[in-house]
């Protein structure tokens, strides 16, 4: 395209930048072999989704509040599994909201409130045994043990049936690794 090639504000310069940004073929190649409308639409959709998925994933991985979110589930055009709700009742929607807050690090616990002097104590209100932080809430609070067993036992059973004891101990050797493996959604 020799028309206004030197002008960075021209239509063709902008098109060239867009094609380059999304990894699409340059305009001179498109002139030589023009794809069909369906092929072009499919190619553009694929490249746009790949670009924005990578951008979203990189952005999410750089956020400290999203450190527990499994970025492999961040797919353009698809909901994160935390939002997979089979029974669309208010209770199930509330559960999904809580799960999303836990995954995103925005679920406010007593330890968070105590940091900002909004709570006099960071001790767990349910058990009054230790500080209410995310690890205590998900793994240690004795009051929540029945709820925990409901969800963690099927996961543990499945995992132990599909891996060896050595792999289990190497992956889940410390509480923190166990916490991360069960916490990542």
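Residue numbers (my numbering): 8 to 192. Just so it is clear, CB atoms sit at the ideal spot from N, CA and C, and this is done for glycine as well.
Assumed close pair residue i, residue j - CB separation to whole angstroms, cut-off 8 angstroms
i: residue 90; j: residue 103; result: 6 angstroms
i: residue 105; j: residue 114; result: 7 angstroms
i: residue 129; j: residue 138; result: 5 angstroms
i: residue 67; j: residue 81; result: 6 angstroms
Minimum C-alpha distance to residue i - residue among the options
i: residue 149; options: 126, 165 and 134; result: 134
i: residue 28; options: 56, 17, 39 and 44; result: 56
i: residue 83; options: 61, 50 and 156; result: 61
i: residue 109; options: 126, 74, 176 and 160; result: 74
i: residue 59; options: 23, 171 and 30; result: 30
i: residue 160; options: 171, 146 and 173; result: 146
Reduced DSSP secondary structure (H/G/I, E/B, other) of residue i
i: residue 51; result: helix
i: residue 138; result: strand
i: residue 187; result: Residue confidence for residue 187 is low, a pLDDT of 49 falling below 50, so the modelled location carries little weight; the figure read from the coordinates is stated next. Here residue 187 sits in helix by DSSP.
i: residue 178; result: helix
i: residue 192; result: Any answer about residue 192 is weak, because its pLDDT of 40 lies below 50 and its placement is not dependable; what the coordinates show is given next. Of the three classes helix, strand and coil, the one that applies to residue 192 here is coil, per DSSP.
i: residue 29; result: coil
i: residue 74; result: coil
i: residue 21; result: helix
i: residue 87; result: coil
i: residue 69; result: helix
i: residue 40; result: coil
C-beta contact flag for residue i and residue j at 8 angstroms
i: residue 122; j: residue 132; result: no
i: residue 72; j: residue 112; result: yes
i: residue 41; j: residue 32; result: no
i: residue 164; j: residue 175; result: no
Proximity test, residue i beta-carbon vs the ligand MG heavy atom, cut-off 7 angstroms
i: residue 164; result: Judged by which ligands are present, the structure shown has none, so any question about the ligand MG falls away.
- Enumerate, from N- to C-terminal direction, the unbroken alpha helix (DSSP H) stretches of 4 or more residues contained entirely within the region 99 to 151. 117 to 122
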